[in-house]
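*Asks:*
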Amino acid sequence: MLPKILVAALLILLVAMPGFLSPSLLNAAIQMLIAALFASAFNVLAGQGGMLSFGHCAYYGIGAFATLHAMNAFSGQGLLPTPLLPIFGAIGGALIGLVAGWFSTKRSGVYFSMITLALAELLHALAPHLKSVFGGEGGVPSMRMPAWGFTFGTPTEVYYLTLAWVVVSLALLYFFTRTPLGRLTLGLRENAHRLKFLGYNVHMARVMVFVISATFAGIAGGLLAMSNEAANYSLFEVRLSSEVVLNSYIGGVGVFFGPALGAAVMTFFGYAVSDLTRSWLLYQGIIFVAVMMFLPSGLSGIAVWWQGSKQSAATLLRYMLGWTAGTLVSAAGVVFIVELLQRALADDYQFLLVAGQAWPAIQLFGRAWLPGAVTTWLLPLALLAIGIAILKFTSARWQALNDGEAA
Amino acid sequence: MEFFTVSLINGTIYGLLLFMVSAGLTLIFGMMGVLNFAHTSFYMIGAYLAYSLQKVIGFWPAIIIAPIIVGFLGVVVERVFLRRVHKYGHAHELLVTFGLSFIIAEVIKLFFGNYPVNYQVPASLNFAAFQLFGTDYPFYRLMMGVISLLMFGLIFLLLSRTRVGIVVRSAIYRPKMAEALGHNVPLVFMGVFGVGAALAGLAGAVAGAFYTTNPNMALELGVLVFVVVVIGGLGSLGGAMVASILIGLISSFAVGIDLSAADLLAYVGAGDWAQQVGGLLTLKVSSLAATIPFALMLLVLLVRPSGLMGEKE
Chain S
1 MLPKILVAAL LILLVAMPGF LSPSLLNAAI QMLIAALFAS AFNVLAGQGG MLSFGHCAYY
61 GIGAFATLHA MNAFSGQGLL PTPLLPIFGA IGGALIGLVA GWFSTKRSGV YFSMITLALA
121 ELLHALAPHL KSVFGGEGGV PSMRMPAWGF TFGTPTEVYY LTLAWVVVSL ALLYFFTRTP
181 LGRLTLGLRE NAHRLKFLGY NVHMARVMVF VISATFAGIA GGLLAMSNEA ANYSLFEVRL
241 SSEVVLNSYI GGVGVFFGPA LGAAVMTFFG YAVSDLTRSW LLYQGIIFVA VMMFLPSGLS
301 GIAVWWQGSK QSAATLLRYM LGWTAGTLVS AAGVVFIVEL LQRALADDYQ FLLVAGQAWP
361 AIQLFGRAWL PGAVTTWLLP LALLAIGIAI LKFTSARWQA LNDGEAA
Chain W
1 MEFFTVSLIN GTIYGLLLFM VSAGLTLIFG MMGVLNFAHT SFYMIGAYLA YSLQKVIGFW
61 PAIIIAPIIV GFLGVVVERV FLRRVHKYGH AHELLVTFGL SFIIAEVIKL FFGNYPVNYQ
121 VPASLNFAAF QLFGTDYPFY RLMMGVISLL MFGLIFLLLS RTRVGIVVRS AIYRPKMAEA
181 LGHNVPLVFM GVFGVGAALA GLAGAVAGAF YTTNPNMALE LGVLVFVVVV IGGLGSLGGA
241 MVASILIGLI SSFAVGIDLS AADLLAYVGA GDWAQQVGGL LTLKVSSLAA TIPFALMLLV
301 LLVRPSGLMG EKE
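Chains as they are written, first to last, in full-length UniProt numbering: chain S, 1 to 407; chain W, 1 to 313.
1) According to DSSP, what are the bridge partners of residue 141/S?
2) Residue 105/S by DSSP, collapsed to three states: which one?
3) Going by DSSP, what residue range makes up the alpha helix (DSSP H) through residue 200/S?
4) Rounded to whole angstroms, how far is the Cβ of residue 475/S from the Cβ of residue 251/S, which I believe are closer than 8 angstroms?
5) Please list the partners that residue 106/S has in chain W, where partner means a Cβ-to-Cβ separation under 7 angstroms.
6) Can you give me, in chain order, the residues of the segment 78 to 103 of chain W that have a beta carbon less than 8 angstroms from any beta carbon in chain S?
7) Which of the residues in the segment 246 to 262 of chain S, read from start to end, lie with their CB under 9 angstroms from any CB of chain W?
8) I'd like the list of long-range same chain contacts for residue 361/S, defined as Cβ closer than 7 angstroms, with 5 residues on each side in sequence excluded.
9) Quick one, which of 213/W, 199/W, 304/W, 300/W has its alpha-carbon nearest residue 17/W's?
10) Opposite residue 161/W in the DSSP bridges: which residues?
11) Pull up the distance between the alpha-carbon of residue 108/S and that of residue 217/W, whole angstroms please.
12) Taking 8 angstroms as the threshold (C-beta atoms), are residue 95/W and residue 111/S in contact?
13) As a quick exercise: from 114/S, 97/S, 25/S, pick the residue whose alpha carbon is nearest that of residue 225/W.
14) Can you check the segment 221 to 289 of chain S for any beta strand (DSSP E) of at least 3 residues that lies completely inside it and give the ranges in chain order?
15) Determine, using beta carbons only, whether residue 40/W comes closer than 8 angstroms to chain S.
16) Report the rounded CA-to-CA distance for residue 290/S versus residue 119/S, giving the unit in angstroms.
17) So residue 9/S and residue 21/S are supposed to be a Cβ contact under 8 angstroms. How far apart are they, rounded?
18) Between which two residues does the alpha helix (DSSP H) harbouring residue 359/S extend?
19) Report the three-state DSSP secondary structure of residue 34/W (helix, strand or coil).
20) Consult DSSP for residue 316/S and reduce its assignment to one of helix, strand or coil.
21) Measuring only between beta-carbons, confirm whether residue 244/W sits less than 8 angstroms from chain S.
22) According to the Cβ coordinates, are residue 233/S and residue 134/S closer than 8 angstroms?
23) Tell me whether the beta-carbon of residue 338/S lies closer than 8 angstroms to the beta-carbon of residue 383/S.
24) Would residue 287/W pass as an interface residue toward chain S - the criterion being a Cβ-Cβ separation below 8 angstroms?
25) CA-CA distance, residue 39/W and residue 236/S?
26) Taking 8 angstroms as the cut-off, does the segment 254 to 265 of chain S touch the segment 216 to 233 of chain S (at least 3 CB pairs, one atom from each stretch)?
27) Report back the beta-carbon spacing between residue 45/S and residue 210/S to the nearest angstrom; my notes put them in contact at under 8 angstroms.
28) Indicate whether at least one CB of chain W lies closer than 8 angstroms to the CB of residue 238/S.
29) For residue 351/S, which of helix, strand or coil comes out of DSSP?
30) Which class does residue 146/S belong to by DSSP, given the choice of helix, strand or coil?
31) In angstroms with no decimal places, state the Cα-to-Cα distance between residue 174/S and residue 291/W.
32) Strictly below 8 angstroms CB to CB, what residues from chain W border residue 296/S?
33) Who are the near neighbours of residue 25/S in its chain, counting only those whose CB is closer than 7 angstroms to its CB and skipping five residues on each side?
34) Determine, using beta-carbon pairs with one atom in the segment 82 to 94 of chain S and one in the segment 147 to 164 of chain S, whether at least three such pairs fall under 8 angstroms.
35) Can you find a C-beta in chain S that's less than 8 angstroms from the C-beta of residue 229/W?
Dropping the structure here:
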């Protein structure tokens, strides 16, 4: 019952959003929605089907280009009314997904991962040469045409268009997990051999799952094309494929909404942090590895852990606070070190240095820090040590609590 | 003839270099079933370390010390990161190395900036080995090939002729059995991981001076190395060698071929039709050079899904 209320509340919030967001935040919200859909599409394959794709940007990108070409068809009149155009993203994603899926699902496990990566690279290497399709460096531009009484000229209208598509797609993806093929997908992950012995054509089942995942990735790409009104072949870069992997696993692939949550959170993190620091990709990487090491089921794993635990809510909250405090303190230490290093190693700072003289002070967090002084480095290291100590202490206490109850 | 000879030599040497990087990867992969996404990051670290060290201690010591440090880093990665997530399964180990490759690339950018560094072949090695059709052939290129061949020979001898090799090979094929016979398999894993990383580091230290040393070199080579592993077959050192040379040769020849599918079709009288269709048909082979390894991989998958020399699925 609770999840249903949560989903309804979230929906109401999402619908009300344009009322109180600035245009740039609204734009970020559009990107978050698209990333959430992309990650959910990826999760059908990776989380549910156990096929870790490292080249999912291929279907996303193809979806974007298919939509752009559909928008431009009939000298800009479009093949369909504007709100329906992401359908072409779906078709594009599905077609490429069929070909790529047929090849890559011939192998499983890490081979599958490598093949998907290589296929995306193949597309990335090919795309700049096919100017008529991918438009070369300049890419393919387009315009959103008015339709159904909307002009699609304001971010608010684009937001509602994106929201509608994302909600419908996520609902479809959710219902897919309830269909026989959706259940079979879990079987592909858990024990493909057994499915084979039960008489299923495993390769065909894998291809079907792949196509479904690629289709929805294509829709996400189509929505991106609608919102940006342009795309070029950089959509096929490995960076985009890796982002969806990072996002999904940070959110947690074990829960249906996990990847969407992770993608939304990390996209917002990127939006908020990328203006503040050049090292935000480093932070993203550190967050990912830390989550993989210590929270293997991702952020949504916390909710599962909370629900599955026998302890009282007050106890759980106390330990949660302990872990959160430890994480924040050690994160502060890491951020301090990275930012200090980044500023000290930047070209414009290195340019100021005179041989034989002490390094000048660096402005950071509203204070001046001397990079040559020991205390400057002692502070973040102390923060890091304290944070780790809190984490260790809390974990040890938690362990003891559980052991005590088991005994 | 000139084109043929030069492409043959260049392709072989490029292939040998690819082998240097993929040898460690394929060993680790065959043994632990872990695809180490951070493997080419070790290659990149090797290049950057050698670049930093050679300014202080000279070229040759840097070439030797950089791989050792990289090998040590590899041991740390195995011990601290991989072993800890082992219980969550292979996909998890893969993801952790993937995250590490991300972090390593960003840390490199933090320390050395976004642009290539000026890592060059030292003047003492920058001379012509011989004349080839009137142009000088750089000695350093030959040296890279020789280093790779030496490495292949050493690994081969180590694996096939020594006691350590027997233990390593048994740990690759039957880890449980090796463990039951009293060998410390986790230690063997750690050792192989370290040696694999050191090999990649060596490749980086040597090749970084000849090609460019930039923060994207790991990514650029990474995908190619995976293609080598897929084509060569799981854990097969020989397969990795064959696949590397094959890819090296094909890429090297493709760059110089100024033909397109339309030109071929013109022989059978369909040239005009192909020109009209355009797209893929009119692209020159030379501009497709980067895509050929992937096409080759698809072909191998179709004909022989376990790779050229792979035995087990």
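Even for Gly, the Cβ is constructed at its ideal location relative to N, Cα and C.
*Replies:* Taking the coordinates as given:
1) Translated into positions along the first sequence, residue 141/S becomes position 141. Answer is 230/S.
2) The count along the first sequence starts at 1 and reaches residue 105/S at position 105. Coil.
3) Position 200 of the first sequence, counted from the first residue, corresponds to residue 200/S. Counting along the chain, residue 200/S falls outside any alpha helix (DSSP H), and DSSP gives it neither H nor E.
4) Because chain S is modelled from 1 through 407, residue 475/S falls outside the range shown and cannot be assessed.
5) In the first sequence, counting from the first residue as 1, residue 106/S sits at position 106. The contacting residues are 301, 305.
6) 81, 84, 85, 88, 90, 91, 92, 94, 95, 96, 98, 99, 100, 102, 103
7) 246, 249
8) Position 361 of the first sequence, counted from the first residue, corresponds to residue 361/S. Contacts found: 368, 369, 370.
9) Position 17 of the second sequence, counted from the start, is the residue given in the question as residue 17/W. Nearest of 213/W, 199/W, 304/W, 300/W to residue 17/W, Cα basis: 199/W.
10) For the purposes of this step, residue 161/W is taken as the residue at position 161 of the second sequence. Per DSSP, none; premise fails for residue 161/W.
11) Locating residue 108/S in the first sequence gives position 108, counting from the first residue. Locating residue 217/W in the second sequence gives position 217, counting from the first residue. Cα-Cα distance, rounded: 28 angstroms.
12) Here residue 111/S refers to the residue found at position 111 of the first sequence. Here residue 95/W refers to the residue found at position 95 of the second sequence. Contact: no.
13) Along the second sequence, read from residue 1 onward, the residue named residue 225/W stands at position 225. When each option's Cα is compared against that of residue 225/W, the closest is 114/S.
14) none
15) The residue you call residue 40/W lines up with position 40 of the second sequence. Residue 40/W does not count as touching chain S.
16) Stepping through the first sequence from its first residue, residue 290/S is reached at position 290. Stepping through the first sequence from its first residue, residue 119/S is reached at position 119. Between residue 290/S and residue 119/S, the C-alpha separation is close to 29 angstroms.
17) Position 9 of the first sequence, counted from the first residue, corresponds to residue 9/S. Position 21 of the first sequence, counted from the first residue, corresponds to residue 21/S. Not really, about 17 angstroms apart at Cβ, beyond 8 angstroms.
18) As a position in the first sequence, residue 359/S is number 359, starting the count at 1. From DSSP, residue 359/S is part of no alpha helix (DSSP H); its letter is neither H nor E.
19) The sequence position of residue 34/W within the second sequence is 34, counting from 1. It is coil, neither helix nor strand.
20) Counting from 1 along the first sequence, the entry for residue 316/S is found at position 316. Here residue 316/S sits in helix by DSSP.
21) What you label residue 244/W is simply residue 244 of the second sequence in a count that begins at 1. Cβ-Cβ to chain S under 8 angstroms: no for residue 244/W.
22) Translated into the one-based positions of the first sequence, residue 233/S becomes position 233. Translated into the one-based positions of the first sequence, residue 134/S becomes position 134. Yes. Within cutoff.
23) Mapped onto the first sequence, residue 338/S falls at position 338. Mapped onto the first sequence, residue 383/S falls at position 383. Not in contact: residue 338/S and residue 383/S (Cβ atoms no closer than 8 angstroms).
24) Translated into positions along the second sequence, residue 287/W becomes position 287. By this cut-off, residue 287/W is an interface position.
25) On the second sequence, residue 39/W is found 39 positions in, with the first residue counted as 1. On the first sequence, residue 236/S is found 236 positions in, with the first residue counted as 1. Each residue's Cα considered, the two are about 22 angstroms apart.
26) no
27) One-based indexing of the first sequence puts residue 45/S at position 45. One-based indexing of the first sequence puts residue 210/S at position 210. At roughly 6 angstroms, the Cβ-Cβ gap stays under 8 angstroms, so residue 45/S and residue 210/S are in contact.
28) Here residue 238/S refers to the residue found at position 238 of the first sequence. Closer than 8 angstroms to some Cβ of chain W, the Cβ of residue 238/S qualifies, so yes.
29) Here residue 351/S refers to the residue found at position 351 of the first sequence. Three-state result, residue 351/S: coil.
30) Against the first sequence, residue 146/S aligns to sequence position 146. The answer is coil: DSSP assigns residue 146/S none of H, G, I, E or B.
31) As a working mapping, residue 174/S is identified with position 174 in the first sequence. As a working mapping, residue 291/W is identified with position 291 in the second sequence. Cα-Cα distance, rounded: 37 angstroms.
32) Counting from 1 along the first sequence, the entry for residue 296/S is found at position 296. Going along chain W in sequence order, the residues near residue 296/S (Cβ under 8 angstroms) are 85, 88, 92.
33) The sequence position of residue 25/S within the first sequence is 25, counting from 1. No residues qualify anywhere along the chain.
34) yes
35) Translated into positions along the second sequence, residue 229/W becomes position 229. Output row for residue 229/W: interface = yes.
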